[in-house]
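S.K.: Got a structure for you, written out below as structure tokens; questions coming shortly.
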Amino acid sequence: MALYEIQTDKLSPVPTTTFVAEAILERKHLQRLLRADTAALGEDLLVLAEEFGNWEDSNRRIDLLCLDRDATLVVVEIKRTEDGGHMELQAIRYAAMVSSMTLDQAVAAHARYLGGDPAEAEVKARNAVAEFLKLESIEEAELVGEVRIILVSADFSSEITTSVMWLNKRGLDIRCIRLCPYKMGDKVLVDATQIIPLPEAADYEVKLREQTQETKKLRTKRQETFKRFWSQFIELSTQHSDLFANRSSTTDHWLSAGIGRAGFNITASLTEDRARVECYWRVGKNNAALNKQLFNTLKAQRESIEAAFGEKLDWQELPGKDGCRICIDNSAGGWKSPDAEWPLLQQWLSEQSAKLEKALKAPIQALKF
1 MALYEIQTDK LSPVPTTTFV AEAILERKHL QRLLRADTAA LGEDLLVLAE
51 EFGNWEDSNR RIDLLCLDRD ATLVVVEIKR TEDGGHMELQ AIRYAAMVSS
101 MTLDQAVAAH ARYLGGDPAE AEVKARNAVA EFLKLESIEE AELVGEVRII
151 LVSADFSSEI TTSVMWLNKR GLDIRCIRLC PYKMGDKVLV DATQIIPLPE
201 AADYEVKLRE QTQETKKLRT KRQETFKRFW SQFIELSTQH SDLFANRSST
251 TDHWLSAGIG RAGFNITASL TEDRARVECY WRVGKNNAAL NKQLFNTLKA
301 QRESIEAAFG EKLDWQELPG KDGCRICIDN SAGGWKSPDA EWPLLQQWLS
351 EQSAKLEKAL KAPIQALKF
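Heads up: the sequence shown begins at 1 in the UniProt record's numbering, then just goes up one per residue.
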């Protein structure tokens, strides 16, 4: 971003400079100034510690370890270079290393940072944290368990910005603040700009990230449900046939087993409120005509097949698709049904699968193609 000085008859550009040219160092100058006032980072933070490195097996140190108003730890990594080096990797390591920190440990770190008499420092630290979080006592709260990252540099390489945007899409909270120095006479000015995420898009990105995380939670919960359901189903199904005996549980909404002919499968499946058992086949690749021919051959035996099965079946030719299906549905429940209703649903799926296998196995084996 260009910076201009307003003169009488023109806008005069203020020339840029570098921290190196101005002999401005990371720790001695930039870190000290940001420690004294975090406003340049775009938010109100409490600096818990500087050069924090309370590790047993590492000598790495966090430039600034901070706390935000939501009781979230914030790792601030500072560079004076034009590309940021590998600061995002460093910051991720630091974030991981403090991710298990408790509020009491954060207070202890702040007490060490304040220095002086240990007992007095601890009291000051507890009061400072409680006041910052607007609490009567820190016993009322705990750290939220997340760790945010703020990267501060004269500029960032495309490698860093690309990595940060990718990581943010996957649930991390990383901000990039660019400190651009300008030379105005004998003064050095600094323009502090948040470049990731763009301030005008920050709220949207937070909402999008929260939505993505919620979707992942729901997907994980649903997958866990399927895993348990099919595990119980497989065990129960052995009472009726060996069709699924060698199958493993799955996180999918369906479970298939071969019927002894390539391309043909018996499948038990669930939707939110329905269950289905089907024989689906797709023989060959892009060979809809052959599959329709096989469908018609089997459908010509419909009366005997349904007599062997014991009830009517739904014959679906599936126009426009390569495969075909013969199935039976049950609207009594699906994967959203309470666990207490699972045994009846699993019993139905098991019985219908065994019946469908028995009714179709010989006709399918007799198909000529």
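Built from N, CA and C at the ideal position, the CB exists for glycine as well.
Helix, strand or coil, according to DSSP, for Trp315 in the structure here?
M.R.: strand
S.K.: Please report how far the alpha carbon of Ser241 lies from the alpha carbon of Ala354, in whole angstroms.
M.R.: 6 Å
S.K.: How is Gln7 classed by DSSP in three states: helix, strand or coil?
M.R.: coil
S.K.: Give the DSSP-derived three-state secondary structure of Val129 in the structure shown.
M.R.: helix
S.K.: Mind checking who Val188 pairs with in its DSSP beta bridge?
M.R.: Lys183
S.K.: Cα-Cα, which of Leu48, Gly115, Arg60 and Arg148 is closest to Asp104?
M.R.: If we check each option's Cα against that of Asp104, Leu48 comes out closest.
S.K.: Ignoring anything shorter than 4 residues or poking outside the region 14 to 50, list the alpha helix (DSSP H) runs there in chain order.
M.R.: 32 to 36
S.K.: With three or more C-beta pairs closer than 8 Å as the rule, is the region 157 to 165 touching the region 113 to 126?
M.R.: With a cut-off of 8 Å, the region 157 to 165 and the region 113 to 126 do not count as touching, because too few Cβ pairs lie within range.
S.K.: Distance, Cα to Cα, Thr18 vs Met87?
M.R.: If you take the alpha carbons of Thr18 and Met87, they lie about 18 Å apart.
S.K.: Helix, strand or coil, according to DSSP, for Ile177 in the structure here?
M.R.: strand
S.K.: So, using beta-carbon positions, are Cys324 and Arg276 closer together than 9 Å?
M.R.: Result no, Cβ atoms of Cys324 and Arg276 do not sit closer than 9 Å.
S.K.: Could you tell me which uninterrupted beta strand (DSSP E) segments, each at least 3 residues in length, are contained entirely in the UniProt domain "DUF4268" (227 to 361), listed from first to last along the chain?
M.R.: 254 to 258, 264 to 270, 275 to 281, 314 to 316 and 324 to 330
S.K.: Verify whether the separation of the beta carbon atoms of Gly263 and Gly284 is less than 9 Å.
M.R.: yes
S.K.: Judging by CA-CA distance, which residue of Ile24, Arg69 and Val147 is the nearest neighbour of Leu135?
M.R.: Arg69
S.K.: Using 8 Å for Cβ pairs, my map puts Lys336 next to Glu317. What's the rounded Cβ distance?
M.R.: Not confirmed; about 30 Å, so no contact.
S.K.: So Val75 packs on Val107, CB below 8 Å; how close in whole Å?
M.R.: The Cβ separation is near 17 Å, so there is no contact.
S.K.: Using CA coordinates, which residue listed in Gly42, Gly260 and His29 is at the minimum distance from residue 373?
M.R.: Since the first and last residues shown for the chain are 1 and 369, residue 373 lies out of range.
S.K.: DSSP on Ala58, reduced to helix/strand/coil?
M.R.: For the sequence presented, residue 58 should be read as Ser rather than Ala. Residue state, collapsed to three classes: coil.
S.K.: Please check the pair Ile149 and Ile174, which I expect to be a contact at CB under 8 Å, by giving their CB distance rounded to whole angstroms.
M.R.: The beta-carbon distance between Ile149 and Ile174, rounded to whole angstroms, is 4 Å. This is short enough to meet the 8 Å contact definition.
S.K.: Check each candidate in Lys368, Thr251, Ala245 and Asp191 and name the one with the smallest Cα separation from Phe226.
M.R.: Comparing Cα-Cα distances from Phe226 to each of Lys368, Thr251, Ala245 and Asp191, the minimum goes to Thr251.
S.K.: If you reduce the DSSP assignment to three classes, tell me which class Leu198 lands in.
M.R.: Collapsing the DSSP output to three states places Leu198 in coil.
S.K.: Find the nearest neighbour of Ala71 within the set Trp230, Leu255 and Leu143, judged by alpha-carbon distance.
M.R.: Leu143
S.K.: In whole angstroms, give me the CA-to-CA distance for Glu146 and Gln239.
M.R.: 48 Å
S.K.: Expressed to the nearest angstrom, what Euclidean distance is found between the alpha-carbon atoms of Asp166 and Ile196?
M.R.: Checking the sequence shown, residue 166 turns out to be Trp, not Asp. Taking the straight line from one Cα to the other gives about 11 Å.
S.K.: Kindly provide the ranges of any alpha helix (DSSP H) runs that are 4 or more residues long and lie completely inside the region 87 to 167, ordered along the chain.
M.R.: 87 to 98, 103 to 114 and 118 to 132
S.K.: Identify the continuous beta strand (DSSP E) that holds Leu172 and give its terminal residues.
M.R.: Looking at the DSSP string, Leu172 is not in any beta strand (DSSP E), and its letter there is neither H nor E.
S.K.: Excluding sequence positions up to five away, which residues of its chain have a Cβ less than 8 Å from the Cβ of Glu306?
M.R.: Lys312, Leu313 and Ala359
S.K.: With distance defined between alpha-carbon atoms, name the residue in Gly171, Thr220 and Asp83 nearest to Val152.
M.R.: Asp83
S.K.: Classify Leu198 as buried or exposed, calling it buried when 16 or more other Cβ atoms lie within 10 Å of its own Cβ.
M.R.: exposed
S.K.: Ordered along the chain, which non-local residues of its own chain (more than five positions away) have a Cβ less than 8 Å from that of Asp287?
M.R.: The displayed chain sequence assigns Asn, not Asp, to residue 287. The answer, listed in chain order, is Asp322.
S.K.: Where do the N-terminal and C-terminal ends of the beta strand (DSSP E) with Glu77 fall, by residue?
M.R.: Leu73 to Ile78
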